[in-house]
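J.: Residue numbering for the sequence shown follows this note's numbering, beginning at 43 and increasing consecutively.
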Amino acid sequence: MNVRDFQTQLIHYAHSIGIDKIGFARATPFPDLKQRLLVQQQLGFASGFEEPDIEKRTEPELLLEHAQSIISIAIAYPSKMKDAPQSKRGARRGIFARASWGMDYHTVLREKLAQLEAFILIHVPDAKLKSMVDTGELSDRAVAERAGIGWSAKNCSIITPEFGSYVYLGEMLTTLPFEPSVPMEDECGDCRLCLDVCPTGALIEGGQLNAQRCIAFLTQTKTMIPQEFRAKIGNRIYGCDTCQTVCPKNKGKHTAHQQAFTPDPELVKPLLLPLVEHTNRTFKETYGHMSGAWRGKNPIQRNALIALVHFKEREAIPKFISILHEDPRPVMRGTAAWALGELESDEGTSALKLRLENEEDATVRSEIQLALTKGEN
Ligand code: B12
Ligand code: SF4
Ligand code: SF4
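Written as structure tokens, this is what we have:
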């Protein structure tokens, strides 16, 4: 069988196992991406979650000897949830971004790529293959762009005409000479809605993100959220979808056919106060299958405190006080101190003063001092 026929068979097979889009790219270096990554690093705009070795990220041959082509895959995820529970006074809820709905996408895409690998090896036993999803060296978006999956949009996402930007991406490096797909034209045009609505000004210009300002990044850090961003996080407890939900190209885009990603409303829009109660074990049992759990419970619980302040949830004041006095984690005590300053109350002020007498952590002390000054103004 020639490569062209095999490629057609592979595309059919991919669709038969639930891969929504498949494209092919040459495995030549990515010089524009390399420049881009260097600039991002120099400006301090990188997130630190990406592979640090820029050579490896942009020269596929370094990852797979004699690499000739890259297969890019996209799997669509839902943008709407059925029966979303209401967030009410006394029962406030946070929200996990769509990329964390249902089962962890790494597991789902890796399984699909493993199936594709097996199919290729049956037909071409000496092929060399290397698959990756998100945590690999390659830029999944740069590969998808080259493989014609979608265009690289001003909100940084790869947007597909069929599913909007609500697609996960993964790829497989191969030693096979597949025919490359044609990249798509950019369809953003003059629109700049995403840049205008980004709550923190993280989108510097079309296609350029300062990850350090991006809420999706901030919700995943393990330290105190810098003061300037706390009020902007809202009730987001993991990730941020704003620059996607406002995008006109996502209007009406919702796919429910990937059942693995059907969200459990109680999990993706959880009650905030019970969320703070989880131990490592119960958190893992409840949320461990979701991609948003990858950093453990601590960032999520910190974000839950910030979300309670967003709702001005005074019922949470006793909880903030007990965290301030008893939680062994400085980030939780510091965030609780800030929360008490924001929701000014007599009992909060007394608790802050009392805690200041014993608190030894410098960051928490300064949060308490700031919170107390707030009360005086
Ligand atoms: C680090 C990372 C983050 C960081 C930084 C994001 C960023 N924009 O760089 C943080 C934590 C903020 C993040 C957030 C999110 N992420 Co993320 N993230 C990654 C990761 C691991 C690396 C991305 C990276 O290298 N960025 C560096 C930039 C410079 O490169 P790039 O975006 O990969 O490539 C583009 C640019 O280089 C650009 N470019 C190249 N040259 C030039 C030159 C010029 C002049 C310009 C303007 C642009 C440009 O074109 C490339 C192709 O689009 C990838 C997985 C992977 N291994 O690739 C997932 C990935 C990009 N994330 C993904 C998702 C879903 C998200 C979120 C939507 C999750 C959420 N809801 O919270 C948000 C979206 C935030 C946003 N607006 O980008 C998906 C994107 C799917 C898609 N349809 O595009 C990926 C591909 C994971 C996956 N396998 O599905 N993420
Ligand atoms: S994910 Fe949120 S914070 Fe990040 S660029 Fe998009 S709108 Fe801005
Ligand atoms: S909001 Fe407009 S500019 Fe931003 S990604 Fe969508 S179409 Fe492009």
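By construction, the Cβ of each residue, glycine as well, lies at the ideal position given by its N, Cα and C atoms.
So, for residue 104: in the same chain, excluding its five sequence neighbours on each side, which residues have a beta-carbon less than 7 Å away from its beta-carbon?
T.: Reading the sequence shown from its first residue, position 62 is the one you call residue 104. Take residue 104, set aside five residues on each side of it, and the residues of its chain with a beta-carbon closer than 7 Å to its own are 97 and 98, in chain order.
J.: How about residue 227 and residue 173: do their beta carbons lie closer than 9 Å?
T.: Sequence index remark: in the sequence shown, residue 227 carries index 185 (1-based). Sequence index remark: in the sequence shown, residue 173 carries index 131 (1-based). The Cβ atoms of residue 227 and residue 173 do not sit closer than 9 Å to each other.
J.: For the beta strand (DSSP E) containing residue 209, list its first residue and its last residue.
T.: By one-based count along the sequence shown, residue 209 stands at place 167. Segment 209-216, the beta strand (DSSP E) holding residue 209.
J.: For residue 377, count neighbouring Cβ atoms within 10 angstroms of its own Cβ and tell me buried if that reaches 16, exposed if not.
T.: Reading the sequence shown from its first residue, position 335 is the one you call residue 377. Looking at its Cβ environment, which holds 16 or more other Cβ atoms inside 10 Å, residue 377 is buried.
J.: Kindly give me the distance between the Cβ atoms of residue 370 and residue 405, rounded to whole angstroms, as I take these residues to be in contact under 8 Å.
T.: The residue you call residue 370 lines up with position 328 of the sequence shown. The residue you call residue 405 lines up with position 363 of the sequence shown. That pair is no contact at about 14 Å.
J.: Out of curiosity, what's the CA-to-CA distance linking residue 309 and residue 69?
T.: Along the sequence shown, one-based indexing puts residue 309 at 267. Along the sequence shown, one-based indexing puts residue 69 at 27. Taking the straight line from one Cα to the other gives about 40 Å.
J.: Cutting at 6 Å between CB atoms, please list the residues of its own chain near residue 298, excluding the five before and the five after it.
T.: Translated into positions along the sequence shown, residue 298 becomes position 256. Result list for residue 298: 120, in chain order.
J.: When the Cα of residue 74 is compared with those of 264, 185, 352 and 394, which residue comes out closest?
T.: Here the question's residue 74 lines up with position 32 in the sequence shown. Checked all of 264, 185, 352 and 394; the closest Cα to residue 74 is 185.
J.: Does the beta-carbon of residue 259, which I'm using as the reference point, lie nearer than 8 Å to any heavy atom of ligand 1?
T.: As a first step, residue 259 must be located in the sequence shown, where it is residue number 217. Yes; taking the cut-off as 8 Å, the Cβ of residue 259 has a heavy atom of ligand 1 nearer than that.
J.: At a cut-off of 8 Å, is residue 20 close to ligand 2 when judged by its beta-carbon and the heavy atoms of the ligand?
T.: This structure cannot speak to residue 20, because the chain is shown only from 43 to 419.
J.: Taking the CB atoms as reference points, tell me whether residue 252 and residue 86 lie closer together than 9 Å.
T.: Sequence index remark: in the sequence shown, residue 252 carries index 210 (1-based). Sequence index remark: in the sequence shown, residue 86 carries index 44 (1-based). Taking a C-beta distance under 9 Å as the contact criterion, residue 252 and residue 86 qualify as a contact pair.
J.: Nearer than 8 Å: is that true of the beta carbon of residue 235 relative to any heavy atom of ligand 2?
T.: Counting from 1 along the sequence shown, the entry for residue 235 is found at position 193. Residue 235: no, Cβ never under 8 Å from ligand 2.
J.: Give the range of the beta strand (DSSP E) segment to which residue 275 is assigned.
T.: Residue numbering aside, residue 275 sits at position 233 when the sequence shown is read from its first letter. Run containing residue 275: none; DSSP gives neither H nor E here.
J.: If you reduce the DSSP assignment to three classes, tell me which class residue 142 lands in.
T.: The residue labelled residue 142 in the question sits at position 100 within the sequence shown. Three-state DSSP puts residue 142 in a helix.
J.: Do residue 278 and residue 136 have their beta-carbon atoms positioned less than 9 Å apart in this structure?
T.: The count along the sequence shown starts at 1 and reaches residue 136 at position 94. The count along the sequence shown starts at 1 and reaches residue 278 at position 236. Yes, the pair counts as a contact, with Cβ atoms nearer than the cut-off.
J.: Report all residues from its chain with a CB closer than 7 Å to the CB of residue 312; omit the five preceding and five following residues, and keep chain order.
T.: Counting from 1 along the sequence shown, the entry for residue 312 is found at position 270. So the qualifying residues of the chain are 135 and 136.
J.: Whose C-beta lies closer than 7 Å to the C-beta of residue 339 among residues of the same chain, with five residues either side of it excluded?
T.: Here residue 339 refers to the residue found at position 297 of the sequence shown. Correct list, in chain order: 320, 322 and 325.
J.: Per the contact definition of three or more C-beta pairs closer than 8 Å, is the stretch 142-153 in contact with the stretch 234-248?
T.: With a cut-off of 8 Å, the stretch 142-153 and the stretch 234-248 do not count as touching, because too few Cβ pairs lie within range.
J.: Just the C-alpha distance for residue 412 and residue 366, rounded to the nearest angstrom, thanks.
T.: By one-based count along the sequence shown, residue 412 stands at place 370. By one-based count along the sequence shown, residue 366 stands at place 324. Residue 412 and residue 366: Cα-Cα distance of roughly 14 Å.
J.: Could I get the ranges of all uninterrupted alpha helix (DSSP H) runs contained in the stretch 281-367, with 4 residues as the minimum, in chain order?
T.: 284-287, 307-310, 314-319, 322-329 and 339-352
J.: Rounded to the nearest angstrom, what separates residue 139 and residue 286 at their Cα positions?
T.: Here residue 139 corresponds to residue number 97 of the sequence shown, with the count starting at 1. Here residue 286 corresponds to residue number 244 of the sequence shown, with the count starting at 1. Cα to Cα, residue 139 sits roughly 11 Å from residue 286.
J.: Between the stretch 256-270 and the stretch 175-192, are three or more C-beta pairs nearer than 8 Å?
T.: no
J.: To the nearest angstrom, report how far apart residue 206 and residue 386 are at their CA atoms.
T.: Here the question's residue 206 lines up with position 164 in the sequence shown. Here the question's residue 386 lines up with position 344 in the sequence shown. About 43 Å.
J.: Closer than 8 Å: is that where the CB of residue 251 sits relative to any heavy atom of ligand 2?
T.: In the sequence shown, counting from the first residue as 1, residue 251 sits at position 209. Under cutoff, so the answer is yes.
J.: Mind reading off the beta-carbon distance from residue 215 to residue 112? Whole number of angstroms is fine, and I expect it under 8 Å.
T.: Residue 215 sits at position 173 when you count from the first residue of the sequence shown. Residue 112 sits at position 70 when you count from the first residue of the sequence shown. The Cβ separation is near 5 Å, so the contact holds.
J.: If you draw a straight line from the C-alpha of residue 56 to the C-alpha of residue 220, how long is it?
T.: In the sequence shown, counting from the first residue as 1, residue 56 sits at position 14. In the sequence shown, counting from the first residue as 1, residue 220 sits at position 178. C-alpha separation (whole angstroms): 15 Å.
J.: Contact defined as beta carbons within less than 8 Å: I believe residue 177 pairs with residue 191. What is the distance between those atoms, to the nearest angstrom?
T.: Locating residue 177 in the sequence shown gives position 135, counting from the first residue. Locating residue 191 in the sequence shown gives position 149, counting from the first residue. In fact, because the Cβ distance is near 19 Å, the residues do not count as touching under 8 Å.
J.: Please classify residue 81 as buried or exposed, where buried requires at least 16 other C-beta atoms within 10 Å of its C-beta.
T.: For the purposes of this step, residue 81 is taken as the residue at position 39 of the sequence shown. When all chains shown are included, residue 81 counts as exposed.
J.: When DSSP builds the beta bridges, which residues end up paired with residue 245?
T.: For the purposes of this step, residue 245 is taken as the residue at position 203 of the sequence shown. Note: residue 245 sits in a beta bridge opposite 251.
J.: Enumerated in chain order, which unbroken segments of the beta strand (DSSP E) with a length of 3 residues or greater are wholly contained in the stretch 150-207?
T.: 171-174
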